[in-house]
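To keep things clear, I will list the structure first and then write my remarks on it.
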Amino acid sequence: MNTTVEYAAKLRGQIRMSYKQLEINSKYNTYLNRGLPPSPIGSPGEDAMRAAVNPENGDWLYFITVKPQDTRFTNSFSQFNIWANEFRANEKAGLFK
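For the sequence shown, the working numbering begins at 1150 and goes up steadily by one.
Next up, the structure:
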């Protein structure tokens, strides 16, 4: 997972990573090492724990953050692709820097 490599390389929140970055020699690199990393890479806050214990009802299959603070959920792959195009436009416009 990219998140374990981000943790190992101290690149938290980086949207895109190069193949070179994914090759980092670390026990946390789950591309190179099978199984779970040797320790947790993060800790959820109270709001996240409450949401996990009491999730909203829904039939979502897909989610995407199209811009900072705007994450969307859908059960439609075609809608997801529309939002993915919006994400790419926002990324190109520099919204994720």
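For glycine and all other residues, C-beta sits at the position ideal for the given N, C-alpha and C.
Cα-Cα separation, residue i to residue j
i     : j     : result
E1172 : T1152 : 13 Å
I1231 : K1241 : 16 Å
P1187 : N1203 : 29 Å
W1209 : R1199 : 19 Å
E1155 : L1244 : 20 Å
G1191 : A1157 : 12 Å
M1166 : E1205 : 32 Å
E1195 : Q1163 : 24 Å
P1217 : T1179 : 26 Å
R1183 : N1174 : 13 Å
Presumed contact (8 Å Cβ cut-off) between residue i and residue j, rounded CB distance
i     : j     : result
F1212 : F1222 : 5 Å
Y1229 : V1215 : According to the sequence shown, residue 1229 is Phe rather than Tyr. Contact doesn't hold; Cβ gap of about 10 Å is too wide.
L1160 : Q1170 : 7 Å
Residue i burial status per 10 Å Cβ neighbour count (16 or more: buried)
i     : result
Y1177 : buried
Exercise. Could you pull out every unbroken alpha helix (DSSP H) segment of at least 4 residues lying fully inside the segment 1154-1219, listed in chain order?
Key: If you keep only unbroken alpha helix (DSSP H) runs of at least 4 residues inside the segment 1154-1219, you get 1195-1202.
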